[in-house]
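Read top to bottom, the protein sequences are chains A and B.
Using the working numbering, you'd call the opening residue of the first sequence number 325 and step up by one each time.
Using the working numbering, you'd call the opening residue of the second sequence number 1387 and step up by one each time.
Here is the structure we will look at.
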Amino acid sequence: MSLTLSLHTSPEVPVEADVISPDRLNNLNESALSALPVFHGNVQAKIGDFFKVQGQYNGEIRVEGDLSKVKHIGAGMTSGRLIVNGDVGAHLGAGMQGGKIIVDGNVADWAASEMTGGRIIIKGNAGHMLGSSIRGSATGITGGEIIVHGNARNEAGQAMRNGLIVIGGNSEDLTGVNMLSGTIIVLGKMGIRTGAGMKRGTILSMHDADLLSTFTYACTYHPTYLRLYLTYIKKLGFQIDDAKLSGNYERWAGDSIELNRGEILLYRN
Amino acid sequence: MKIKSTEIVDTFAEAFKMCGSRVIITAETREWAMAAAQSMTGFATSVIGCKCEAGIERELPADETPDQRHGVSVLLFAMNAEGVGKRLVERIGQCVMTCPTTACYNGLVSGTTVSVGDQLRYFGDGHQISKVLDNRRMWRIPVMDGEFLVEESFGVQEAVGGGNLLLLGKDQKATLRAASAATKAMHAVPGIILPFPNGVVRSGSKVGSKYKSLPASTNDAYCPTLRGSVNNSMVPLAVNCVMEIVIDGLDVKAVEECMRVGMYAAAKPGIKQITAGNYGGNLGQFHIHLHKTINGN
């Protein structure tokens, strides 16, 4: 039986629960797990104050309930599998290095910030600053995969240096702002100021976009490498029709206020 | 031992340890993928004269290739991993990158890798772009029809070169027919190539020569025209033509299976003997006995 944490008391203010991670819960029995410290606002509390703990860690942790006020779940995790049933609070998987998080719900802001490895799958929507750097830091995610089946809000992939972000729905403004490298695929529409300040990297959308004047049209062509990416995400459950797999894409180079080595690809036909 | 009316000589093929790699070439159409593969495997019959041995393993349907396009699988062998790496850079650079619409992927998972895309990327003159997907790094090199996509590293593994069959026939026509039937059957075995033209070599060689500068020379023991001239002729009276099929494989089991299939396919009317070339067993690391191979041992 895998380890299950079921929320029995909804916190009044956010709970900082970075202990909910395979690295921290491994090899502990139920009573030890329940006694692990969390911060409820500025007050130290115990996991058991909010969660009913059942089972023992066997490579998988299940967390259930309305977790929209529970922050930092899976932060820094290096391995294992974390399944979240319900909406979850900010900083999910922040600094994650390995393993897998699956969220059957929506996630709040700052999910997967400064992630370096592993994979996060979000079946609902993501908040602002998905896979971004934390304020004051120059670099966002440097590896791993963030897969969002719904929409993402502003600044998805901000300052990302490597890795893959897939957004099945729409992304709001400033997608890939200050991006250094890596790949962002948005199957829906993107908001304004996409790729502002990007140095390198790829932002792909299946729809037209209102681009900054510092991006220059290069050509309309069929990038072979996209077939690899689209085939890959198709296997992850996204619907990619053959027309997009073998279709043509406009290539826009930018941002010319920076290195001008980034690209925005927009599906044409 | 006989298969039908053909005698299988109780001898062995002496094969050598080599290093092998698998290259997956894709393109917009089957024709362009095949054009690149044929170009890449040209002048790659013998490691002695060509620095490597290469051939087409098989065509790949679109659903078996990384980018879901038509593909061709090529195997390339050299005497060591360094040699494989050098030849891959040369041949992918000159024959695949130059061919319209192609992309080139590693087809062999191995702990030993050689750098290929990582060398070819410099052709991009600073405009090349790296992409990492699923822990595999690819290089996008801008070219005039768009981009050439090539994987950074290719796997190399220990392999077997120089498996062989000698078909001894009553005349050229019968021997050629048997050789064609054999190579057609042998091509269906995965993990092998037949590096010579259409899989067949008529100029089999022996080690050394009366001329000091030559490392190899004609296999006079199997030249029908020399039956009366040399002391060591192996050509029986009723035999007037000999053809050889050379096999390189990613492992010895594949080579054995290929030889077994080849012997059954070649045993046709007009083929008096099937034998194999060896050097007394002192040079090659692999001795593939024909009788044991037929018996599945």
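Glycine included, C-beta positions come from ideal geometry on N, C-alpha and C.
Asked	Found
Assigned exposure category for C1485/B - 16 Cβ within 10 Å defines buried	buried
Three or more C-beta pairs below 8 Å linking the region 1488–1505 of chain B and the region 508–520 of chain A	no
I1579/B beta carbon less than 9 Å from that of G1635/B	yes
Residues of its chain near M1483/B, where Cβ-Cβ distance is below 8 Å and the 5 sequence neighbours each way are ignored	C1490, L1506, F1509, I1527, V1529, F1534, V1536
Length of the line joining the Cα atoms of P1655/B and G1549/B	24 Å
Residues from the region 1487–1512 of chain B in contact with chain A, defined by Cβ distance under 7 Å	A1489
Option in S392/A, A483/A, V339/A with minimal Cα separation from D433/A	S392/A
Chain-ordered chain A contacts of G1532/B [CB-CB under 9 Å]	C543, Y545, H546, P547, T548
Of the listed residues K523/A, S345/A, F363/A, Y549/A, nearest to A577/A (C-alpha basis)	K523/A
Simplified DSSP state of L329/A, which is helix, strand or coil	strand
Interfacial residues, the region 554–586 of chain A to chain B, with Cβ spacing under 7 Å	T555, Y556, L569
Assigned secondary structure, V1616/B (DSSP; H/G/I helix, E/B strand, else coil)	coil
Neighbour-count burial assignment, D1606/B, 16 or more Cβ in a 10 Å radius	buried
Where Y545/A falls: helix, strand or coil (DSSP)	strand
For H364/A, the residue or residues it bridges with in DSSP	V339/A, V367/A
Whole-angstrom distance between R386/A and V427/A, CA atom to CA atom	10 Å
Within-9 Å CB hit, V1546/B to chain A	no
Among Y556/A, Q563/A, S334/A, nearest to G493/A - alpha-carbon criterion	Q563/A
Endpoints, the beta strand (DSSP E) within which I1657/B is located	1657–1661
Backbone secondary structure at Q421/A - three-state DSSP	coil
Contacts that N486/A makes with chain B (C-beta to C-beta distance below 9 Å)	V1518
Beta-carbon proximity check, G481/A vs G467/A, cutoff 9 Å	no
Buried/exposed call for Q1454/B, threshold 16 Cβ in 10 Å	buried
Buried versus exposed, by CB contacts within 10 Å (16 or more), F1429/B	exposed
Environment of G1512/B [buried if 16+ CB atoms lie within 10 Å]	exposed
Residues near A1565/B by beta carbon distance below 6 Å, same chain, minus five either side	L1553, V1586, M1629
Inter-stretch contact (C-beta, 8 Å, three-pair minimum) for the region 1456–1467 of chain B and the region 1412–1423 of chain B	yes
Proximity to E587/A [Cα-Cα], best of T548/A, R485/A, L560/A, T540/A	T540/A
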